[in-house]
Each structure stands twice: as structure tokens, then as C-alpha cells.
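So the structure is just underneath, and the comments pick up after that.
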């Protein structure tokens with residue numbers, strides 16, 4: 034223990050180098066050890082309280098960000114459906130006959146008008 038104090042002393046002059054300080058350090062060591070042992074359960078109680086608070090904070094963050102998750106999932110679904118619709122339009126453009134294409138051009142504004150009505 035004295036070696037630890039010598040190695041970790043903050044002052045340039047070692048605080049444990051004096052004979053009185055060595056005696057004091059050796060005398061106080063059992064008292065400090067007993068205090069740590071007696072208060073070990075208090076350390077666990079504090080740690081448990083911190084763990085509980087951390088758990089509550091994580092639950093709160095999870096609860097408060099649920100809507101963000103739902104919005105993101107909705108956007109992903111919308112993007113996938115738009116991508117599928119665009120792919121279908123590209124396929125139609127490649128295989129459509131001229132009469133089918135003319136009907137498509139004729140119906141497109143009417144469909145757009147119908148979809149925007151509420």
C-alpha cells in the first residue's frame with residue numbers, strides 16, 4: 034500500500050516518505066478497508082438505481098420515437114409502390130400498341146383528375 038502511495042503521489046516530494054505519514058497510512062488502512070466493506074451494499078444500491086433510471090430513459094426514448102419509426106416505414110412502403118408502378122409503366126410503354134397508347138394518353142388526365150378529387 035505504501036508503494037502505491039509513493040507511485041501515485043501528486044506532489045514532487047513524496048507525501049509518504051515521512052515516518053509519521055507512513056505510520057498514519059498504515060494505521061488508517063484497516064479503517065478504510067472496513068468502511069469500504071460495510072458500505073459495499075450502498076454502492077450496489079446506487080448502481081441499481083442508476084441502472085433503473087437508465088432503463089426508464091431508454092423506454093421513454095423508445096416510446097417517444099415510435100411515430101418516427103412508423104413514418105419511416107410508411108415512406109418506404111410508398112417508395113416501393115411508386116417504384117413498382119413506374120416499372121409497370123415502363124413495361125407498358127415497351128409492349129403497348131399504338132391504339133393502346135392512344136387510349137392511355139386519353140385516359141391519363143381523367144385518372145389524374147379523379148385521383149386528386151376528395
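In my numbering, the protein residues as written are 34 to 151.
We treat Cβ as the ideally placed atom computed from N, Cα and C, and that holds for glycine.
In angstroms with no decimal places, state the Cα-to-Cα distance between residue 126 and residue 109.
By one-based count along the chain shown, residue 126 stands at place 93. By one-based count along the chain shown, residue 109 stands at place 76. Answer to the nearest angstrom: the Cα atoms are 26 Å apart.
CB-CB under 7 Å to residue 65, same chain, minus the five flanking residues each way: which ones, in chain order?
Here residue 65 is taken as the residue at index 32 of the chain shown, counted from 1. Excluding positions up to five away in sequence, the list is empty.
DSSP-derived helix/strand/coil call for residue 150
As a first step, residue 150 must be located in the chain shown, where it is residue number 117. Residue 150 falls in the coil class under three-state DSSP.
Does DSSP put residue 179 in a helix, a strand or coil?
Any property of residue 179 remains undetermined from this structure, which presents the chain solely from 34 to 151.
Note down the Cα distance separating residue 123 from residue 103, rounded to an integer number of angstroms.
Along the chain shown, read from residue 1 onward, the residue named residue 123 stands at position 90. Along the chain shown, read from residue 1 onward, the residue named residue 103 stands at position 70. Going from the Cα of residue 123 to the Cα of residue 103 covers about 30 Å.
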